[in-house]
Structures are given as C-alpha cells and as structure tokens.
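A.B. asks: So that we are looking at the same thing, I have put the structure below in structure tokens.
Protein chains: 2
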Amino acid sequence: MSNYSGSYSSSQSYAPSAPSLPETHNNSSYNNSSSAQSYYAQPPPPPPPSQQQPYPAPSYGQFSAYGHSAFPPGTHPDVIRSFEMVDRDRSGFIDENELQQALSSGYQRFSLSTIRLLMFLFRNPHDSLRIGPKEFADLWSCLGQWRAIFERYDRDRSGKIDLMELRDALYSIGYAVPPSVLQLLMDKYDNRSGSRKLGLSFDSFVECGMVVKGLTEKFKEKDPRYTGSATLTYESFMSIVIPFIVSYD
Amino acid sequence: MSNYSGSYSSSQSYAPSAPSLPETHNNSSYNNSSSAQSYYAQPPPPPPPSQQQPYPAPSYGQFSAYGHSAFPPGTHPDVIRSFEMVDRDRSGFIDENELQQALSSGYQRFSLSTIRLLMFLFRNPHDSLRIGPKEFADLWSCLGQWRAIFERYDRDRSGKIDLMELRDALYSIGYAVPPSVLQLLMDKYDNRSGSRKLGLSFDSFVECGMVVKGLTEKFKEKDPRYTGSATLTYESFMSIVIPFIVSYD
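Those protein sequences? They're chains A and B, same order as listed. Residue numbering for the first sequence follows UniProt numbering, starting at 1 and increasing by one per position. Residue numbering for the second sequence follows UniProt numbering, starting at 1 and increasing by one per position.
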C-alpha cells in the first residue's frame, strides 16, 4: 500500500485535518485551522447553543494569577460558566479532574483516559498539568466539531460508531485510514459488552479520533510530499510516539 | 544523530534486548531470549526465592477449561501458588485485576497502567483479555530480571531511578536511548511530588522499560541493518504505535 488512501485513490486524501487543534499546541502542524475550516460545508457550532448570539466574554483571564491566558473574544457564556464553575480558587487554570467536571455540563463525563489525552493535546505552554481559559475554549469548540461528526456518521442513530462509520467519519476530515489500522482502532476503543461489539461511544470516538489525528499529523510532517512513507530516525520515532502513551498512577 | 547510540558510539549498541518477552507474544522480534540470556553475566532469579531448588510444576494447566497453556516444567512453586490463589474458578486464566493481585504477593501492587501494558505484552494468543499459566510464569520471570536491573542501577539506593540511572539501565540491556527521549520518558514516568522530581519507582520503571523495549524492537524490525533510521509506511507506523496506546474506561 503505497499511500495513505487505503481503499481510496487520492494521494492527497489525508491533507485537510479538521477538527483542528489549538494554536497553543507546540506543534505547528496542528495550526491549520484556516484550511480546515474550508473543508466543512458548515462549521458545526459548539454545544450547548442555548443562546444564538455569542457576545464578548467577560475579561475573566485578566484576573487570573498568571495572566497568560484569557477567553477569546466571542466565547459563548456557557463555556465561560463551565470553566468558572470548576475553577473555584480563581487561579485561571483547571486540572484534569476539574476539566472532567467542566466538560460534563456541556457534553458528558469523559473517561479519565480521554481527559488526559485532551490535556496533552490542548495543554497550556506555561503549565503542562493544567489548562487555562483559552485552551478550554479551543477544546470546547473542537469537541463541538467532533460531536457534529459523530452525529453525522452515526447513520443508524445507535449512539455508537461502527467500523464503517468510523472509516467514513475519519475520511470526512481528511484521513484515509487503512482497513488494518481501522480494525486495530476498533479492537482498542470498541465499547464491548463481553465479546459483543457495541461500537464506539462518543467518548471513545473522541479519544480514537484525537489519537488518529495527532499521530497522522506527526507522520505527515515527516512525509511532506504525501508519498505514504516516511523515513524516521530512532530518536524522532520515539519522540513522536511516547507523548501519546498516556500513563496512569 | 545518525544512529541509536545517542552519546554512545557503537552502532550495534541496541542489539541485545533483555529482559526478553515471552515466546507466546505474536511478535517474532520478542523471541530472542537465548541471545538475551548471554547478555547477563548472571541471569537474575525470579523473586521470591524462598526455596532454592525449583521442582517440576504440578500439571495445573491440564485441568484448565481450555488446556492451551500450562506452567513450564521447573516453574517455582511460589509462582504457581500466586496464580492459583487468584484463579478461584480454576479456569486457567486470570484477568487484569487478578493479575494485579497475583503479582502483589511476589513483587508489589502495580498500577493498572503497568498491569494493562503487561497484559498486552504477555497476552495469551487465544484470549487477549486474560493470561494463562505459561504467560504468567514468563511474566514473573521477566519482572525478576527488571527487578535485578532496577536494584543494580539504583546506585544511591533511593528506591527511585533518576535520569542518568535510567540511561545506564537501558544501556545495560542494549538500548542506547538519546538524551531527548530519556527526558521525555522522565517527564512522563517520573513519580513527582508536586513539581519536585522523585525519579521512577519500580512500577514506573517497569512500565517505562517495557515501552522502550517494545517500541525499539518494533523499530529495529524496520531497520535490520542498524542504521538508526527506518522507512515506515503510514500503515505500518500506525500499526506499530496504536497497540502501545493503552486505553482506560
């Protein structure tokens, strides 16, 4: 298999990479949000859109102890409220448990596994163990995009994504993942009930999708001409992979 | 940096790869236990060596419901006892919680993170969610080797491995890990107390060492001439990496 396209034919098929990750991430390849936007016919709005007109955010971040980060102008008040609700000491940063709680109000209670991956991908450059208002707003918006993709490709409305739906969902955001890799992903992230396959919940779908996106973007950096192969030194291989191996106490 | 040796000079420096992983693992590169043995001046015995003369194991596995696996001849009775103690239904297989409990008797209570990595690396070819007597005996013996390495390279007897000790420990088993990668490993596996670095506990050291070993062996398969670089297709890159990304519910 000479390129990324698996059963697809275009060698450029994995080029656009939405949903995009935040600009604060220390990886330049994540920063292609402008090209990614054009890939969506309609950029999905972040839930919950209880009020349609976002208005300028209060300058919450200005009062933080660090002052490195503030909510971007136009951040939906529900997003700010979710953050403020858990940042009880008004430090302007939240840790992984607080993030889990904050996202519960707008999305759901994500597993610690997904939360830690999100912390890694959206981490604050000044504080790798916590995230600030800007990172939180980016993360919230990104999850809204993944939510829209999940709903669009869960065609049978089962609340779960099966292998073919996963293939199509990833393809829709520019990743043509080979069948063998899709199978590995399903083996890992499938929310099984005993031996019965149930498919990916939204939680697992986010974790799986973020892993595919993160690794693929890293690989693309080493394969700028989209040949489907990359030459990696041992050092670069290890440096790419190790951060994705989340460890638990 | 053109080879694996980092600050070391030999291009063969990552060749021998003890402690070896079990033959049941579905990866041929893990099966070099014979060459690995010669790398140790004295193969460290598996703890706890309460009796010095191992004797043939009872044919426990013959009574299992599956019969695929039995303790190898010569398995220490303490190892068999640890397995039997947790396999209460006499199925001949134990799951991750039972493994955590079984290892507590001879080693310590490992984190679920390490347990899941061990389950993945030592998994039974017939049942990927549980391990049988043979896998358990292999795993026990392998942990004994890691324990000996830990004790040998924890030179200041702090009970923790610091960055330089980790470098030397990995080098002693054939892996010359570049400084940048060592730093990544310490960032991930260091048992911190707040911002204070404490070094790797034995639990973290096993997890870290197994990850380095597993990934390096996979990389070496793609670099049979030890040039320090490998050309990977997108499919092979993803297929190597994804299994190491352990997911938690």
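Note that the Cβ used here is the ideal one computed from N, Cα and C, for glycine as well.
#1: Would you check if the distance between the CB atom of isoleucine 94 (chain B) and the CB atom of arginine 130 (chain B) is smaller than 7 Å?
#2: How big is the Cα-Cα spacing for leucine 182 (chain A) and arginine 152 (chain B)?
#3: Please determine if the region 201-221 of chain B and the region 100-114 of chain B are in contact, where contact requires at least 3 C-beta pairs separated by less than 8 Å.
#4: What residue range is occupied by the uninterrupted beta strand (DSSP E) comprising threonine 231 (chain A)?
#5: Using a cut-off of 8 Å between C-beta atoms, extract the partners of serine 180 (chain B) located in chain A.
#6: Under the three-state reduction of DSSP, which class applies to isoleucine 173 (chain B): helix, strand or coil?
#7: Among all the DSSP beta bridges, which residues are the ones paired with arginine 196 (chain B)?
#8: Consider the Cβ of threonine 227 (chain A): report whether some Cβ of chain B lies at a distance smaller than 7 Å.
#9: Aspartate 127 (chain B) by DSSP, collapsed to three states: which one?
#10: Who are the neighbours of valine 211 (chain B) on chain A, taking C-beta pairs under 8 Å?
#11: Cutting at 6 Å between CB atoms, please list the residues of its own chain near serine 195 (chain B), excluding the five before and the five after it.
#12: Can you pull the chain B residues whose beta carbon is under 9 Å from the beta carbon of threonine 231 (chain A), in chain order?
#13: Would you decide whether glycine 67 (chain B) is buried or exposed? Buried here means 16 or more other CB atoms lie within 10 Å of its CB.
#14: Nearest chain A C-beta to phenylalanine 219 (chain B) closer than 7 Å, yes or no?
#15: Less than 7 Å between CB atoms is the rule here; does leucine 184 (chain B) satisfy it with respect to chain A?
#16: If distances are taken between C-alpha atoms only, which option among A:Phe136, A:Val241, A:Gly214 and A:Trp146 comes closest to proline 72 (chain A)?
#17: Run through chain A and tell me which residues come within less than 9 Å of leucine 215 (chain B), C-beta to C-beta.
#18: Would phenylalanine 83 (chain A) and alanine 102 (chain A) be called neighbours here (beta carbons separated by less than 7 Å)?
#19: Which residues in the same chain as glycine 214 (chain A) place their Cβ atom closer than 7 Å to its Cβ, once the five residues preceding and following it in sequence are excluded?
#20: If we count the other Cβ atoms within 10 Å of its Cβ and call it buried at 16 or more, is glutamate 98 (chain A) buried or exposed?
#21: Taking just the CA atoms, how far does aspartate 162 (chain A) sit from glutamine 145 (chain A)?
#22: Can you look up isoleucine 245 (chain A) in the DSSP assignment and give me helix, strand or coil?
#23: Would glutamate 235 (chain A) pass as a contact of proline 178 (chain B) if the rule is Cβ separation under 7 Å?
#24: Between phenylalanine 219 (chain B) and phenylalanine 237 (chain A), is the Cβ-Cβ spacing less than 7 Å?
#25: So the alpha helix (DSSP H) tyrosine 153 (chain A) belongs to, where does it begin and stop?
#26: Tell me whether arginine 157 (chain B) is buried or exposed, calling it buried when 16 or more other Cβ atoms sit within 10 Å of its Cβ.
#27: Pick out whichever of A:Asn124, A:Gly106, A:Glu165 and A:Leu166 has its Cα sitting closest to the Cα of serine 141 (chain A).
#28: Have a look at arginine 225 (chain B) and threonine 231 (chain A) and give me their C-alpha separation to the nearest angstrom.
#29: Alpha carbon to alpha carbon, how far is proline 22 (chain B) from leucine 139 (chain B)?
#30: Who are the neighbours of lysine 188 (chain B) on chain A, taking C-beta pairs under 8 Å?
#31: Quick one: what's got a C-beta closer than 8 Å to arginine 155 (chain B)'s C-beta in the same chain, skipping five residues either side?
C.D. replies: Based on what the coordinates show:
#1: If you check the CB distance, isoleucine 94 (chain B) and arginine 130 (chain B) come in under 7 Å.
#2: The alpha-carbon atoms of leucine 182 (chain A) and arginine 152 (chain B) are separated by roughly 42 Å.
#3: yes
#4: 229-233
#5: Glu235 and Ser239
#6: Looking at isoleucine 173 (chain B) - three-state DSSP - the assignment turns out to be coil, as it is neither helix nor strand.
#7: B:Ser193
#8: no
#9: Strand.
#10: Ile242 and Ile245
#11: none
#12: Ser229, Ala230, Thr231 and Leu232
#13: For glycine 67 (chain B), the predicted model reports a pLDDT of 45, less than 50, meaning its position is unreliable and no value from the coordinates is stated.
#14: Taking 7 Å as the CB threshold, phenylalanine 219 (chain B) lines the interface with chain A.
#15: Judged by the 7 Å Cβ criterion, leucine 184 (chain B) is in contact with chain A.
#16: A:Phe136
#17: Phe237, Met238, Val241, Ile242 and Ile245
#18: yes
#19: Leu121 and Phe244
#20: buried
#21: If I take the Cα positions, the gap works out to 19 Å.
#22: The answer is coil: DSSP assigns isoleucine 245 (chain A) none of H, G, I, E or B.
#23: yes
#24: Against a cut-off of 7 Å, the Cβ pair of phenylalanine 237 (chain A) and phenylalanine 219 (chain B) comes out as a contact.
#25: 133-153
#26: exposed
#27: A:Gly106
#28: 14 Å
#29: With a pLDDT of 46 at proline 22 (chain B), under the threshold of 50, the modelled position of this residue cannot be trusted; read the value that follows with caution. Approximately 7 Å, taken between the alpha carbons.
#30: Ordered by position in chain A, the residues that pass the 8 Å Cβ test against lysine 188 (chain B) are Ile242, Pro243, Ile245 and Ser247.
#31: Glu165
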